[in-house]
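Asker: Just passing along the structure, written as structure tokens.
Number of protein chains: 2
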Amino acid sequence: MSRPSASSEESYHVQHSPFGAFASFTCGLVDAPGGFGQSLRGPAKQNLYIGYRNGPAASWRLLPFLTPPKSQEGAFTGDTTVVQPPRGFDSLRPTDYTRTLGWASDTWRAEGGRFGFSLLSPFGEVPDPAKMKRAAARFHLAPLVTGWIEYDNRTGSSPVELVFGVGVGDDTLRPLGDTAPGLTGFAAGGRFGYATKPGRNVALKQGFDILNPKFLDHRGLHVIAGETGLVCTVPAGQRKRFPLVLGFYAAGPVSTGLTASFAYTRLFADLEDVLAHGLKEYRRYERLAAQRDRELARTKLSDDQKFLIAQATHSYLGSSELLWHKGKPLWVVNEGEYRMINTFDLTVDHLFFELQWQPWAVRDTLDLFVRRYSYRDQHGLSFTHDMGVNDFFTPPGRSSYECDNQHGCFSHMTMEQLLNWVLCACTYAAHTGDRTWLRANRKTLLACADSLRRRDHPDPAQRDGLLKQDSARVGEGAEITTYDSLDVSLGQARNNLYLSVKALGAWVLLERTFATLGLHPESAAARATADLLARTLTTKFEENTGFFPAVFEKNNCSRILPAVEGFVYPLFLGYRDATDAAGRFAPLFAQLERHLSQSLQRGICLDATSGGWKMSSTSTNTWFSKIAIAQHVVRSLFPAALNDSARAADRVHANWQRTPGCGKDAMCDQIRSDSGEACGSRYYPRGVTACLWLRE
Amino acid sequence: MSRPSASSEESYHVQHSPFGAFASFTCGLVDAPGGFGQSLRGPAKQNLYIGYRNGPAASWRLLPFLTPPKSQEGAFTGDTTVVQPPRGFDSLRPTDYTRTLGWASDTWRAEGGRFGFSLLSPFGEVPDPAKMKRAAARFHLAPLVTGWIEYDNRTGSSPVELVFGVGVGDDTLRPLGDTAPGLTGFAAGGRFGYATKPGRNVALKQGFDILNPKFLDHRGLHVIAGETGLVCTVPAGQRKRFPLVLGFYAAGPVSTGLTASFAYTRLFADLEDVLAHGLKEYRRYERLAAQRDRELARTKLSDDQKFLIAQATHSYLGSSELLWHKGKPLWVVNEGEYRMINTFDLTVDHLFFELQWQPWAVRDTLDLFVRRYSYRDQHGLSFTHDMGVNDFFTPPGRSSYECDNQHGCFSHMTMEQLLNWVLCACTYAAHTGDRTWLRANRKTLLACADSLRRRDHPDPAQRDGLLKQDSARVGEGAEITTYDSLDVSLGQARNNLYLSVKALGAWVLLERTFATLGLHPESAAARATADLLARTLTTKFEENTGFFPAVFEKNNCSRILPAVEGFVYPLFLGYRDATDAAGRFAPLFAQLERHLSQSLQRGICLDATSGGWKMSSTSTNTWFSKIAIAQHVVRSLFPAALNDSARAADRVHANWQRTPGCGKDAMCDQIRSDSGEACGSRYYPRGVTACLWLRE
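Protein chains in written order, with our numbering: chain H, 1 to 696; chain A, 1 to 696.
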């Protein structure tokens, strides 16, 4: 649980998202709209009316989640002199309230804690959807988040009103009670909506200005208008909390290439079914969210670290999408604002989170990469960068991202994705013990090992372990890595330090995996390749500077933190021999510790201005998800390389996300290390690498 | 066919819309985006790339249908210094091209006519969907429009390239060939798309900048980017025209309250099916559009009048929506930017158009008003203002618009809608000869007559024919008319001149209808009421001023043109006795002619500044749809009231729609009579009343 804060600078959106619905109810940024977004690349733009007033004569006090909406009244009346509503409310300032972000909750308190509003994103272990019983599936896959709004009026002498409302501007909502008498709330067609339970203390509001309605129909609404709300009354002397359910529903096929619908559409008839289910199971969802909150709160991590884990998890869920294709689950994580489907260099980072909560997602994604998104070039097998974009599955063997004849962004990532399949597959199999799957993928693993070696050199005699053969797919260009938008220090794949250490991790895992499969000669060969590669790496160390160069070409002298990223896999799996500073890679470890010690200095890989961790000494573009991995590896394997400045940077990283530079797009990944402004990868799932810290 | 124009001021959007799909491909406004819009209240915001270049070295010359799009390249690369594409094109100015709007086509020509681009909205008589065979239904209900792009390069010495493209900015499109090899084009998911036939001369383009693509994948595209296009090559010495099909598809339930899907979803599996059908039936659609174009072109109307009819028809189709509910058609016309469902005071105006092209739509709408949207107040039967809003059908007996305790906009329209049912029903039955339907609605007609009389006065002895009893539904307010947003001259229903003459029309029709039903005493009674009402009206004429007051209360002295609107129904049905200036209503006709002659003067009901027709002398808010009816009635029944200024106003009305004040939202209805700026009712279907002129 992050600390309650009354900082006037704190201002950030959070995605409150169901599991697998590619949907978010986004809010939290100060003086900004948000609300229900389906399959969007950023926050929705709905005005949210959330607050309270001390009796009908008082002013409404609302959380600052709206911008003055353009009234549509004038469009009807032809009178453009109408003052823009809503009027008559005070917008709470950040100093007027506290906000507490938990792992599965986000809670605002004001009026000395008497007013409370919370949104819950309950998440937990999700069993394999292919095998889940209907009741369990309805619970785990319901496209909803829950919440509550409350007031403690026990010392009050007049009734207090609470409002929770949504204004959709150009669109309209409809009262849900017309189709579902058990629901009090509003919906946008059948697409999204919010509801509480019907009750004497709950009234519906709809109009051009729900705070000061001028036009009321027979039931006190005006359904042609876009602004809606629930007004709940708390009598004097009482404390009341009203449950909220926020639901989504996207019917019919939503993807092309592979034509598929949301898995939940098999379980829920429509939005009304979703919302009614949410109210019925409200307590169970609440308990699940509370359990997650407790787990995070009880760790020894700092408040900044807890905040980062909580914020990252929220955005991960917002990008998650569980489809149903030809009778089977089809798992997708969308790449945040880019919405690329199962980008493989994100899959390998989500791995650790997914193995804890839904390991079948890793397995299914690996299978789809083999079945549809693998290819062979002149060196052998590899995999595409992604499976498509924006719910469009690209043709077999082709990604949406990779272009030909490029030297930077948009080139191919053949080496990187080959490593990613190996690392995900071995980690999945070792972590879950899924021998059946492993045996079924024996041939693929062997082909990967062969392909890796040939990308070192086609002639076995000339191999040194380093990947340095570009795929023919690049044409006149060169292969890149996931760090495409950084400078050449991380962007170029060939002879790349980051990728070489990642390859080392892959060989270490292959050694174990082949042994598990009883392929002992192959296991020994993998071990030999790992040792060869490690030895080669030690020759690249610059004794004079105490650094590794980022690229073993052209006198590159960038310094990079992902030099140790490749160790996260053996570390995660507890492979002590490969992660012991005094073990088989001791010479390399000693060099890497020197490299890290010197890198984690202001002006090198700690930003001179902010103190935040930088992926590369020569780029101010740094990525939080990768910082999180680097922190985990450094703290776990190279603790001596840390210094006070490096340790203090969690606060810097948290403040980047807590302020509008990143916070206006919820969790962001690509950040300018000096200013803390996001420069790409907004609304992004990859930050869940921070969950690795829970293992420290 | 409106005249080809090279006016630099001409700039207007047109909705290119299928029948019944509530969808438009909107374009034409200068320097503005447009494109595919589904169920929108205004134009979409896509950039359109439509133009040509004389060989690969020349600059592209594009129609001015785009604003510089924000490139997403920077979001991927983190590099915000990238110049915003597209670059390297010349935006054609209105003086560089001609535009010709036909009844079912919209054609641009440039380069001395060598370049041509056209969009067709083929429409015609649509048989009753409840009875249409599948093949006919696929033809009539296909959610598509067609078009073509061409270049006459017969005198050229190098190949010319043509481009037709769409940029969706924040979203992405996908190449259609992946799922449908017979289609060359792009689609947004399964929702909309465009295609031509595959061919050697047609290439696909997709990227951040389709005119200058930097990043090309294995097939020369970049599917993560939002800008797409077809580039067609016309070799030197040839003239080539490339067919285009623009399609929509909205799967699953789209409405609530009455849960229904688009009728076409029963006939087409998906968007690909729609587009392939469009290419297959291309010639037939083209012939249908050409037939409509010819019909309008051959009339004796002026070019301005033809333009108004063409523009109005396009926007009517854009608001049309044919749903399928429980095995039956469910007809909807959406109210333009307000999207209210089957607003009854629009239905009564669409009547004349719909009786020509799809009379079943009138019948089905009347039936649904009886079945679900009728109610009884203290005086008897009436009908709601509308059936809901934005695909939400309101509960039985309730509209989305009407509120209680109001004196102006948003009050109830009980008298008006009662008259509208009578007028629509009698006109439908008389025009179509549908006796079965008429007999089935005998009781409703009798109840309407009874309700009308009681709204005059509950005591028969005190009746004078005028409607003056407000419904109890208004509460502390007062009933209004369809002219809600004008001043009291037309807004107040009680003792209203417009509504009284409309009631006269209703009684004239009831007299005939009851006779047809063999209800002779009722027919005689209707005749007597008509005569009573006509006599009463003559007593309201101000001999001293030569005018009728607009409201027979409170010394109102507004002068209104809708004084004669009620005569359009007997005029349409050819009821000579009621429309003969020397006939049974001769004294009233003489007074109305004086009223009109004096009204059609600058500063009264011709705007002092613009010369346009004004509904009321005391309001600058005037409505084109109602001007068109008034013009038709005046020209047909009161020709002596016309003068040169009044006759010349067609040019004024056309210029309003042809320039951005209205044109930025396609056909607009509520217009400031001085400035020609729309002040409401944008993107609006009601202007099809202008089709009455085709009868003159």
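Built from N, CA and C at the ideal position, the CB exists for glycine as well.
So, A/Gly226 versus A/Thr179, is the Cβ gap smaller than 9 Å?
Answerer: no
Asker: Is there a Cβ from chain A that is less than 9 Å from the Cβ of H/Ile149?
Answerer: Answer no: the Cβ-Cβ gap between H/Ile149 and chain A never drops below 9 Å.
Asker: Quick check on A/Ala290: does DSSP put it in helix, strand or coil?
Answerer: In the structure shown, A/Ala290 sits in a helix (DSSP, three-state: H, G or I).
Asker: Taking the DSSP output, what are the residues bridged to H/Pro27?
Answerer: Sequence inspection shows Cys at residue 27 of chain H; the Pro mentioned does not correspond to that position. DSSP output for H/Cys27 lists H/Val14 as bridge partner(s).
Asker: Considering only DSSP beta bridges, list what A/Leu606 is partnered with.
Answerer: A/Arg602 and A/Trp613
Asker: So H/Arg99 packs on H/Glu9, CB below 8 Å; how close in whole Å?
Answerer: Wrong, their Cβ atoms sit about 12 Å apart, outside the cutoff.
Asker: Mark A/Thr384 as exposed unless 16 or more other C-beta atoms lie within 10 angstroms of its C-beta, in which case mark it buried.
Answerer: Burial state of A/Thr384 is buried, judged by a 10 Å Cβ sphere holding 16 or more other Cβ atoms.
Asker: If H/Ala678 and H/Cys691 are in contact, beta carbons under 8 Å, what's the gap, nearest whole angstrom?
Answerer: Not a contact, Cβ separation roughly 21 Å.
Asker: Taking C-beta pairs closer than 7 Å, name the residues in chain A that H/Tyr401 reaches, listed in chain order.
Answerer: Ile224
Asker: Using only CA atoms, which one of A/Glu295, A/Asp304 and A/Ala269 lies nearest to A/Arg695?
Answerer: A/Glu295
Asker: Does the structure place the stretch 224 to 243 of chain A close enough to the stretch 157 to 166 of chain A that three or more beta carbon pairs sit under 8 Å?
Answerer: yes
Asker: Taking the CB atoms as reference points, tell me whether H/Ile480 and H/His407 lie closer together than 9 Å.
Answerer: yes
Asker: DSSP three-state label for H/Asn420, please.
Answerer: helix
Asker: At the level of alpha carbons, what is the spacing between A/Tyr194 and H/Asp364?
Answerer: Those two C-alpha atoms are separated by around 34 Å.
Asker: Any heavy atom of the ligand HEM inside 8 Å of the beta-carbon of H/Phe547?
Answerer: Of ligands this structure carries none, so the ligand HEM is not represented either.
Asker: Let's test the definition: count the other Cβ atoms within 10 Å of the Cβ of A/Ala648 and tell me whether it reaches 16, buried, or not, exposed.
Answerer: The Cβ neighbour count for A/Ala648, taken over all protein chains shown within 10 Å, is under 16; the residue is labelled exposed.
Asker: Please report the residue range of the beta strand (DSSP E) in which H/Gln716 lies.
Answerer: Residue coverage of chain H in this structure runs from 1 to 696, which leaves residue 716 of chain H outside it and unanswerable.
Asker: Which value, in whole angstroms, describes the spacing of the CA atoms of A/Gly278 and A/Gly20?
Answerer: 16 Å
Asker: Report yes or no: do three or more beta-carbon pairs, one from the stretch 331 to 346 of chain H and one from the stretch 37 to 44 of chain H, lie closer than 8 Å?
Answerer: yes
Asker: Can you give the Cα-Cα distance for A/Val245 and A/Gly147, rounded to whole angstroms?
Answerer: 6 Å
Asker: Go to H/Tyr194, then tell me how far its beta strand (DSSP E) extends in each direction, as first and last residue.
Answerer: If you look at H/Tyr194, you'll find it in the beta strand (DSSP E) that goes Phe192 to Thr196.
Asker: When we look at the beta-carbon of A/Pro43 and count the other beta-carbons within 10 Å, is it buried (16 or more) or exposed?
Answerer: buried
Asker: Given that H/Glu212 touches chain A, what residues does it touch there, using C-beta distances under 7 Å?
Answerer: In the sequence as presented, Glu is not what sits at residue 212 of chain H; that position holds Asn. Under the 7 Å cutoff, chain A gives no residues; its nearest Cβ is about 14 Å from H/Asn212.
Asker: Quick one: give me the first and last residue of the alpha helix (DSSP H) that H/Tyr97 is part of.
Answerer: Taken as a continuous stretch (DSSP letters only), H/Tyr97 belongs to no alpha helix (DSSP H), being part of the beta strand (DSSP E) at Tyr97 to Leu101.
Asker: Do three or more CB pairs link the stretch 436 to 443 of chain H to the stretch 571 to 587 of chain H at distances below 8 Å?
Answerer: At 8 Å Cβ cutoff, the stretches do not touch.
Asker: Roughly how many whole angstroms lie between the Cα atoms of H/Val274 and H/Gly177?
Answerer: 14 Å
Asker: I need the straight-line Cα distance from A/Gln698 to H/Lys664, nearest angstrom please.
Answerer: Only positions 1 to 696 of chain A appear in the structure, and residue 698 of chain A is not among them; the question remains open.
Asker: Would you list, in sequence order, the uninterrupted beta strand (DSSP E) runs of no fewer than 3 residues that lie entirely inside the stretch 369 to 417 of chain A?
Answerer: 374 to 377 and 380 to 383
Asker: What residues in its chain sit with their C-beta under 8 Å from that of H/Ala590, if we drop five residues either side in the sequence?
Answerer: Ala581
Asker: Give, in chain order, every unbroken run of the alpha helix (DSSP H) that is at least 4 residues long and sits entirely within the stretch 115 to 142 of chain A.
Answerer: 134 to 141
Asker: So, is the C-beta of H/Thr536 closer than 9 Å to a C-beta in chain A?
Answerer: no
Asker: If you follow the alpha helix (DSSP H) that H/Leu499 is in, where does it begin and where does it stop?
Answerer: Leu497 to Thr516
Asker: What do you get for A/Thr539, buried or exposed, if any count of 16 or more other CB atoms within 10 angstroms of its CB means buried?
Answerer: exposed
Asker: Could you confirm whether any beta carbon from chain A is found closer than 9 Å to the beta carbon of H/Ala187?
Answerer: yes
Asker: Give the range of the alpha helix (DSSP H) segment to which A/Arg535 is assigned.
Answerer: His520 to Lys540
Asker: Using 10 angstroms around the beta-carbon of H/Pro587, count the other beta-carbons present and answer buried if the total reaches 16, otherwise exposed.
Answerer: exposed
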